[in-house]
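A.B. asks: Listed in order, the protein sequences are those of chains A and B. Counted from 1, the first sequence has number 42 at position 42 by UniProt numbering; the numbering is strictly sequential. Counted from 1, the second sequence has number 75 at position 75 by UniProt numbering; the numbering is strictly sequential. Where is the CB? At the ideal position from N, CA and C, for every residue including glycine. Can you keep this structure in mind? I'll have questions shortly.
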Amino acid sequence: MFRHILAPVDLAHLDRLSRALEVTADLARHYGIAVTYVAVTAPQPGKVAHNPEEFSRKLKAFADEQTARHGHGADARAVISHDPAVDLDRALRQVREEIGADLVVMGSHLPTLGDYVWPSHGGKLALHTHASILLVREHED
Amino acid sequence: MTDETTLQGIPEPEGPTELIDTEYEIGQDNIEGNVGPFGFDIHNPVFLISGLTIVAFVFYTLALPDQANAFFGWLRPFLTSTFDWFFMGAANIFVLFCLLLIVLPVGGVRLGGRDATPDYSYVGWFAMLFAAGMGIGLMFFGVLEPVYHMAISEPLGVPSPFAEDGSLIPENVDAARTIGLAATIYHWGLHPWAIYAVVALALALFSYNKGLPLTIRSAFYPILGERVWGWWGHAIDTLAVFATLFGLATSLGFGAQQANAGLNHIFGIPDTISVQVILITAITGVALYSVLRGLDGGVKVLSEINMGLAALLLLFVLLAGPTLTILSDFASGLVAYGKDLPALSNPFGREDTGYVEGWTSFYWAWWISWSPFVGMFIARVSRGRTVREFIIAVLLVPSLVCVLWMAVFGGTAIDQVLTDPAASAVKAQVIDAYNPPMSLFAMLEGLPLASITSVVGIVLVIVFFVTSSDSGSLVIDTITAGGKIDAPVPQRVFWCTFEGAVAIVLLVGGGLGALQAMVISTGLPFTVVLLLMCWAILKGLLGEHR
């Protein structure tokens, strides 16, 4: 059905992604396909790491931990951006094309009026790519 | 799982550094939530205190315009005449400190760790530096200042080449011409760039090598220790927000006046505050778009376009103007700057108070106000360079470009004034009637294709306006988000809009006098912050691996 899953993650807010991560692992095991966990960071120190190299190591460690826990094949891709708040959508599209992922599984917040001005990252990705996008809410109503 | 696989910060820059071991986590004091449908992630209390204080200030200016006018009218001369020695002495210390860092062994410390490699090429870096840091200033003062110092302000007591009846005094011409350029270069050369270099170095060192958040307070860790995350740090960051915002609003005010003067000159659009308000509103709209496109997609692209356009205008004036005279002005201006620097930078016992209090003090306060903003920009692009390389590049290259700019624009204008005073539009606009926003267009009028170059001039002012506004919003947003680079986008929209609003209100409330008074009042305490920062940098560098 699918060949490769792209799973964008925010290492600073993993607590908001538990269902999305669970679904990602379930689908990977079900179809027997690999997952690439992708995260975007700036070169400056942030909440997660002091520099991009440390960030990459932590993302790799996170992917390994998911493999150990769920048993699916996983890789990690850290994207370094000068302005992650704005460049995130473009970075996700680029990585998806590079690795040829045909399914994206990502967490998303409940829709608000603000989404009419700044659509969610998942919404934007669905608008601009041909891959299947699965948005997973951490909580429903 | 090893320690490496936990998600807590691991102190490992590239190669050995002396990372500061602090319990503080970036964003730990932040409040996250929603205002209506929009998310926010702001530092508590820096965002609220700075935002509310600025709102209170704006209301005061609007509610009591006469009182505000009188107050600002008194404040600026009071501060520049009382604290001129302090601004000048401090600026000298910054230059000496930078020169010291070049020769000391700590100059070998690499920002980002011993094995770090540079992130940006020099081209993109300098484009952003100029567009953000001095753009509008170069357009506004490039003609005005050299001519004014040559003919009116008499720096170091060098007499004007014009007698009171307006006739030329031939024996005064050479000395006045040289001092006009040297006195201008003094304001745009080593001193401002040393101020920027101090802030940029502090931010880069404490962020890249020490692992602290990219915000001004981080530089004070060696002095304040863990207290830097408390009220001392809140005060420093809040002051940095005030300084940046008022410094920026002043530039926006200059830009609006100059663009309006140019539009009036070419298209006959009325030169009024209302038109300037419309201009600021429209241009802030463009800045918003740029801010939403991000650092690489918006700010950098616009900066590079603008630098290309500025370089073309510079080349045109150089070739269409008196080329040989300009080149000779460039050389003689530099020599005179070197020779007169000790006298120009002497803070005590000066008799040329019109120059020192009216210009130098204001400039130093203005540059100091701009320093968190330009400093953060320089810091963001300077990872991977050694301290020595960094200081030499930040101090010398931009200084030389500024000297060239002043020699080309100012030298051409001075030549027009002295060659045929009666026919010179520059003399009419700067010396006979003091009309600063018109000075650039008056100079261009004396060259071929004036209507085209004037339009280019207006476009440049407007785009410089946009690049200052968008990059300023990014910097204020980072400071008020506790050093977070990836705070929600609506926050930068808020600051961009807010800057435009402050510029409008201060223009309506008290004209440029109000803006300039606020720059000096925030620049004054921030000078103390910068002086302490020098000490902190030295302490921070001494422990680093070379």
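What are the boundary residues of the alpha helix (DSSP H) that includes Glu445 (chain B)?
C.D. replies: Segment 439-445, the alpha helix (DSSP H) holding Glu445 (chain B).
A.B. asks: What is the C-beta distance between Ile414 (chain B) and Pro146 (chain B), in whole angstroms, given that I count them as a contact (C-beta under 8 Å)?
C.D. replies: Right, their Cβ atoms sit about 6 Å apart.
A.B. asks: Which residues in chain B have a C-beta closer than 8 Å to the C-beta of Gln94 (chain A)? List them in chain order.
C.D. replies: None at all; the shortest Cβ gap to chain B is about 13 Å.
A.B. asks: Would you verify that the beta carbon of Val489 (chain B) is, or is not, closer than 9 Å to some beta carbon of chain A?
C.D. replies: Yes - at least one Cβ of chain A is within 9 Å of the one on Val489 (chain B).
A.B. asks: Please go through the same chain and pick out, in chain order, the residues whose beta-carbon is closer than 7 Å to the beta-carbon of Ile273 (chain B), but skip the five residues on each side of it.
C.D. replies: Cβ neighbours of Ile273 (chain B) beyond the five flanking positions: Leu507, Val508.
A.B. asks: Determine the burial state of Lys300 (chain B): buried for a count of at least 16 other Cβ atoms within 10 Å of its Cβ, exposed for fewer.
C.D. replies: Lys300 (chain B) comes out buried.
A.B. asks: Mind checking whether Val198 (chain B) and Ile476 (chain B) have CB atoms under 9 Å apart?
C.D. replies: Against a cut-off of 9 Å, the Cβ pair of Ile476 (chain B) and Val198 (chain B) comes out as no contact.
A.B. asks: Please tell me whether Val430 (chain B) and Pro421 (chain B) are closer than 9 Å, where the distance is taken between their beta carbons.
C.D. replies: Cβ distance not < 9 Å, so Val430 (chain B) and Pro421 (chain B) don't count as in contact.
A.B. asks: Using a Cβ-Cβ cutoff of less than 7 Å, which residues in the same chain neighbour Thr238 (chain B) once the five nearest sequence positions on both sides are dropped?
C.D. replies: Once the five neighbours on either side are set aside, the close Cβ partners of Thr238 (chain B) are Val46, Ile49, Ser50.
A.B. asks: Please name the residue or residues paired with Leu400 (chain B) in a DSSP beta bridge.
C.D. replies: Partner(s): none; Leu400 (chain B) has no beta bridge.
A.B. asks: Need the endpoints of the alpha helix (DSSP H) that Arg380 (chain B) sits in, please.
C.D. replies: Element bounds for Arg380 (chain B): 361-380.
A.B. asks: So that I know if they touch, is there some Cβ in chain A lying closer than 9 Å to that of residue 562 (chain B)?
C.D. replies: Any property of residue 562 (chain B) remains undetermined from this structure, which presents chain B solely from 1 to 546.
A.B. asks: I think Ile102 (chain B) touches Ile391 (chain B), with their Cβ atoms under 8 Å apart; what is that distance to the nearest whole Å?
C.D. replies: Sure, about 5 Å apart at Cβ, within 8 Å.
A.B. asks: Near Trp495 (chain B), which residues of its chain fall below 6 Å by C-beta distance, leaving aside the five closest residues on each side in sequence?
C.D. replies: Within the same chain, Trp495 (chain B) has close Cβ partners Ser473, Ile476, Asp477.
A.B. asks: Do you know offhand how far Ser369 (chain B)'s Cα is from Ala261 (chain B)'s?
C.D. replies: Cα-Cα distance, rounded: 26 Å.
A.B. asks: Tell me Tyr434 (chain B)'s beta-bridge partners as DSSP assigns them.
C.D. replies: Beta-bridge pairing links Tyr434 (chain B) to no other residue.
A.B. asks: Please list, in chain order, all residues of the same chain as Tyr208 (chain B) whose beta carbon is under 7 Å from its beta carbon, the five residues on each side excluded.
C.D. replies: If we look at Tyr208 (chain B) and ignore the five residues flanking it on each side, its Cβ neighbours are Pro13, Leu111, Gly112, Arg383.
A.B. asks: Report back the beta-carbon spacing between Val48 (chain A) and Lys60 (chain A) to the nearest angstrom; my notes put them in contact at under 8 Å.
C.D. replies: With 8 Å as the limit, Val48 (chain A) and Lys60 (chain A) do not qualify as a contact, their Cβ atoms being about 13 Å apart.
A.B. asks: Please list, in chain order, the chain A residues whose beta carbon lies closer than 8 Å to that of Ser207 (chain B).
C.D. replies: Within 8 Å Cβ-Cβ: Gln44, Pro45.
A.B. asks: Closer than 9 Å, CB to CB, is Ile537 (chain B) near chain A or not?
C.D. replies: With 9 Å as the cut-off, Ile537 (chain B) does not count as an interface residue toward chain A.
A.B. asks: For Thr215 (chain B), which three-state DSSP category applies?
C.D. replies: Coil, per DSSP.
A.B. asks: Does the beta carbon of Ser81 (chain A) sit closer than 9 Å to a beta carbon anywhere in chain B?
C.D. replies: Interface residue, yes.
A.B. asks: Let me see if you follow: with CB-CB separation under 9 Å, is Leu474 (chain B) close to chain A or not?
C.D. replies: Closer than 9 Å: yes.
A.B. asks: By the criterion of Cβ-Cβ separation under 8 Å, what are the contact partners of Ile485 (chain B) in chain A?
C.D. replies: Ala42, Gln44, Gly46, Asp83, Pro84, Ala85, listed in chain order.
A.B. asks: Beta carbons nearer than 9 Å to chain A: which residues of the region 280-309 of chain B have them?
C.D. replies: For the region 280-309 of chain B, which is checked against every Cβ of chain A, the residues closer than 9 Å are Val291, Leu292, Arg293, Gly294, Leu295, Asp296, Gly297, Gly298, Val299, Lys300.
A.B. asks: From Phe526 (chain B) to Gly107 (chain A), what distance separates their C-alpha atoms?
C.D. replies: Phe526 (chain B) and Gly107 (chain A): Cα-Cα distance of roughly 44 Å.
A.B. asks: Identify the contact partners of Arg114 (chain B) in chain A, using a Cβ-Cβ distance below 7 Å as the criterion.
C.D. replies: In chain order: nothing, as chain A lies at least about 13 Å away.
A.B. asks: What residues are listed by DSSP as bridge partners for Met106 (chain A)?
C.D. replies: Paired residues: A:Leu135.
A.B. asks: Using a Cβ-Cβ distance under 9 Å, would Arg217 (chain B) count as near chain A?
C.D. replies: Answer no: the Cβ-Cβ gap between Arg217 (chain B) and chain A never drops below 9 Å.
A.B. asks: Which residue spans inside the UniProt domain "UspA" (1-137) of chain A form an unbroken beta strand (DSSP E) run of at least 3?
C.D. replies: If we require 3 residues or more, the beta strand (DSSP E) runs fully inside the UniProt domain "UspA" (1-137) of chain A come out as 4-8, 34-41, 74-80, 103-108, 132-137.
A.B. asks: Strictly by DSSP, which residues pair up with Gly33 (chain B)?
C.D. replies: Paired residues: B:Phe40.
A.B. asks: Hey, is Arg385 (chain B)'s beta-carbon within less than 9 Å of any beta-carbon in chain A?
C.D. replies: Taking Cβ atoms only, chain A never reaches closer than 9 Å to Arg385 (chain B), which makes this a no.
A.B. asks: Based on Cα-Cα distance, which residue from B:Asn69, B:Ala56, B:Val143 lies nearest to Ala428 (chain B)?
C.D. replies: The shortest Cα separation from Ala428 (chain B) among B:Asn69, B:Ala56, B:Val143 belongs to B:Val143.
A.B. asks: Please determine, among A:Val95, A:Ala20, A:Leu27, A:Val86, the residue with the shortest C-alpha to C-alpha distance to His109 (chain A).
C.D. replies: Checked all of A:Val95, A:Ala20, A:Leu27, A:Val86; the closest Cα to His109 (chain A) is A:Ala20.
A.B. asks: Compare the Cα-Cα distances from Val394 (chain B) to each of B:Ala282, B:Tyr24, B:Phe38, B:Pro192 and report the closest residue.
C.D. replies: For the residues B:Ala282, B:Tyr24, B:Phe38, B:Pro192, the minimum Cα distance to Val394 (chain B) belongs to B:Pro192.
A.B. asks: Does the beta carbon of His50 (chain A) sit closer than 9 Å to a beta carbon anywhere in chain B?
C.D. replies: Yes - at least one Cβ of chain B is within 9 Å of the one on His50 (chain A).
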